[in-house]
Amino acid sequence: MLRRFRLEEPGSIPEASALLARHGETARIYAGGTELLLVMKEGLARYERLVNVKKIPGLDQIKLDNGSICIGALVTHRRLATDGLIMQHLPALVALEKNVANIRVREVGTIGGNLCFAEPHADPGTLLLALGASVIAAKGNDRREIPIEKFFVDAYESALADDELLAEIRIPRLPARSAGAYLKFGYLERPSVGVAVFLTLEGNAVREARIAVGCAGPTPRRVSAAEELLRGKSLDEASRRLDEAGAAAGRASDAISDLHGSKDYKEHIVGVLLKRAFTQAAEQCR
Amino acid sequence: MASLTNRPHGAQTMAISLEVNGKTYELEIEPHELLLDVVRDRLGLTGAKRSCDVEVCGACTLLLDGRPVSSCTLPAFEARGKRVETIEGLAAGGKLHPLQESFIEHGGFQCGFCTPGMILAAKALLAENSNPSDEEIKHFMHGNICRCTGYKKIIESIHAAAEKLRR
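Read top to bottom, the protein sequences are chains Z and U.
For the first sequence, the numbering used here assigns the number 1 to the initial residue and increments by one for each residue that follows.
For the second sequence, the numbering used here assigns the number 1001 to the initial residue and increments by one for each residue that follows.
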């Protein structure tokens, strides 16, 4: 059962942040509700007011701007899985979005809502970390850019202030001979572990390697210990070091034992997925 | 209209207009009312079922402007100005929809509890892909759970319906 709440429907970001400032913790942004309404129905969270930001114009755009792919917070998973610009520039994101939850959640759930809810067992944040994304936080007429590494603070907690909105996600265009890959594994509805790898090749060498692990612990995180084992190496040597990198990523993943698996189990799966994601990304860089 | 029960004084209400199975309804709702409850309790269309209640099983699937949604977790205000399709609206002129026919002909259901959602999800699939492969059917229908059929006959039913619709 969903308890009674009041609905506010601001028509602009300043109006929305004013409402959030006025009502503080008794209000929450509604941008699709596929996560929020679940916890409200369970009684795990109570809000007197929901601020529906879906009436604010311009938050549902996908565009290229100044070398970045800009994705409005209200873009649904389904649109990301089917949008021409995203398919052209970010095939790894398309592959991820095609497999978020199920078709009904993808139709209604938004990328901004997904990130702000900061549910640990979610997919997009992990790949965004590997892709070097940032988010634009908006409050009134002010904007600030937050690197995605700084966005996830803890389980269900983002770096946004109470009266800030996530307006946009910015992903730098991939350099030449670059690709990302995201793989996940789980046996419940949500993934137990997700691993994202971003590579740039130069000649036969791994010029850049960014690796992120999600779902294993409270927040998705970069695992630089694993990156350092691969960066600057020849592809052959990097491939030989994947076991080592996988183990390092597992240790750095901050895995916790929960319903989705024990710490050891998750760390092992991180290693398996890292190898596969590296191989997939390397093939796509060619 | 029944079921406007126990509304406290001062509760926020919203006047909404929506089209359900081709018919326009003007309703007064509260923001927290879920589309599933409005369709079942206020419009009397009980084909969609509340089952898992957490967007996983698909028994409450309805089509909103042609796209599948979990009506158990979608506020009714989201249907403002939109077109809702329920299983009750599929048959036309006393004739079942090809998907309904095919589910009967190919044993695509047993207890029938998942069937309204299953058929509506399949309708959305066939609207965007008139000739899906087994894999495409499995991927699209992954969020609709059936505990009777083992899915094989559902996949056969969808293939058969796709063929009828392509004719």
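Think of the CB as a built atom: it goes at the ideal place given N, C-alpha and C, for glycine as much as any other residue.
These figures come from a predicted structure and were not determined experimentally.
What are the partner residues of residue i, as DSSP defines its beta bridges?
i	result
Arg170 of chain Z	Z:Cys70, Z:Ser134
Phe117 of chain Z	Bridge partners of Phe117 of chain Z: none, in fact.
Val39 of chain Z	Val39 of chain Z is not bridged to any residue.
Ser1017 of chain U	U:Glu1026
Asp65 of chain Z	Z:Ser68
Ile29 of chain Z	Z:Val51
Pro1068 of chain U	U:Leu1063
Val197 of chain Z	Z:Ala181, Z:Ile211
Arg221 of chain Z	Z:Val213
Leu1034 of chain U	U:Pro1075
When DSSP labels each residue in this structure, what does residue i get in the three-state scheme?
i	result
Leu160 of chain Z	coil
Asn204 of chain Z	coil
Pro1132 of chain U	coil
Ser1102 of chain U	helix
Phe5 of chain Z	coil
Pro147 of chain Z	strand
Leu50 of chain Z	strand
Pro1116 of chain U	helix
Lys139 of chain Z	strand
Met1001 of chain U	At Met1001 of chain U the pLDDT is 46, less than 50, meaning the model places this residue with poor confidence and gives no usable figure here.
Thr110 of chain Z	strand
Thr1086 of chain U	coil
Phe1077 of chain U	helix
Thr1149 of chain U	coil
Ile256 of chain Z	coil
Asp1053 of chain U	coil
Ala1092 of chain U	strand
Arg153 of chain Z	Note that residue 153 of chain Z is Val in the sequence shown, not Arg. Reduced to three states, the DSSP call for Val153 of chain Z is strand.
Leu44 of chain Z	coil
Leu1125 of chain U	helix
Arg104 of chain Z	helix
Arg251 of chain Z	helix
Leu165 of chain Z	strand
Arg1166 of chain U	helix
Thr34 of chain Z	coil
Gly246 of chain Z	helix
Glu1156 of chain U	helix
Ala122 of chain Z	coil
Ala1011 of chain U	coil
Arg1040 of chain U	helix
Phe1140 of chain U	helix
Hey, quick one: how far does the alpha helix (DSSP H) through residue i stretch, first residue to last?
i	result
Leu235 of chain Z	235-240
Tyr265 of chain Z	263-285
Ile13 of chain Z	13-23
Leu80 of chain Z	77-82
Ala226 of chain Z	224-230
Show which residues of chain Z have a CB atom less than 8 Å away from the CB atom of residue i.
i	result
Leu1034 of chain U	Leu2
Using a Cβ cut-off of 7 Å, pull out every chain U residue sitting near residue i, in sequence order please.
i	result
Lys184 of chain Z	Residues of chain U passing the Cβ test: none, with the nearest at roughly 14 Å.
Glu189 of chain Z	Val1056
Leu19 of chain Z	By Cβ distance, chain U contributes nothing, its closest Cβ being about 14 Å from Leu19 of chain Z, past 7 Å.
For the beta strand (DSSP E) containing residue i, name the first residue and the last one.
i	result
Lys184 of chain Z	178-185
Leu1045 of chain U	Here Leu1045 of chain U belongs to no beta strand (DSSP E), and DSSP marks it neither H nor E.
Val94 of chain Z	Taken as a continuous stretch (DSSP letters only), Val94 of chain Z belongs to no beta strand (DSSP E), being part of the alpha helix (DSSP H) at 91-98.
Since residue i meets chain U, which of its residues come closer than 8 Å, beta carbon to beta carbon?
i	result
Val105 of chain Z	Glu1055, Ser1070, Gly1143
Leu38 of chain Z	Val1054, Glu1055, Thr1073
Leu74 of chain Z	Result: empty, since nearest Cβ-Cβ is about 13 Å, beyond 8 Å.
Leu44 of chain Z	The contacting residues do not exist; Leu44 of chain Z stays about 12 Å from chain U at best.
List, in order along the chain, the chain U residues whose C-beta lies closer than 9 Å to that of residue i?
i	result
Lys41 of chain Z	Leu1034, Asp1053, Val1054, Cys1072, Thr1073
Gly33 of chain Z	Thr1073, Leu1074, Pro1075, Glu1078
Leu259 of chain Z	The premise fails here: Leu259 of chain Z is roughly 14 Å from chain U at the closest Cβ pair, so nothing lies under 9 Å.
So residue i packs on residue j, CB below 8 Å; how close in whole Å?
i	j	result
Ala1122 of chain U	Met1141 of chain U	7 Å
Val51 of chain Z	Leu74 of chain Z	The pair is not a contact, with the Cβ atoms about 13 Å apart (cut-off 8 Å).
Ile1119 of chain U	Phe1103 of chain U	6 Å
Gly271 of chain Z	Gly246 of chain Z	3 Å
Gly1117 of chain U	Gly1058 of chain U	4 Å
Ile1155 of chain U	Cys1146 of chain U	The pair is not a contact, with the Cβ atoms about 11 Å apart (cut-off 8 Å).
So which residues of chain Z does residue i contact, with C-beta pairs closer than 9 Å?
i	result
Arg1067 of chain U	Arg78, Ile103, Arg104, Glu107, Val108
Gln1110 of chain U	Going along chain Z, no residue has its Cβ under 9 Å from Gln1110 of chain U, so there is no contact; the nearest lies around 22 Å.
Ala1122 of chain U	Chain Z residues near Ala1122 of chain U: none, gap ~11 Å exceeds 9 Å.
Taking C-beta pairs closer than 7 Å, name the residues in chain Z that residue i reaches, listed in chain order.
i	result
Glu1030 of chain U	Arg4
Thr1046 of chain U	Those within 7 Å of Thr1046 of chain U in chain Z number zero; the least Cβ separation is about 18 Å.
Thr1061 of chain U	Arg104
Ala1011 of chain U	Arg4
Phe1113 of chain U	Those within 7 Å of Phe1113 of chain U in chain Z number zero; the least Cβ separation is about 17 Å.
Phe947 of chain U	A query on residue 947 of chain U cannot be resolved here, the shown segment of chain U reaching from 1001 to 1167 and no further.
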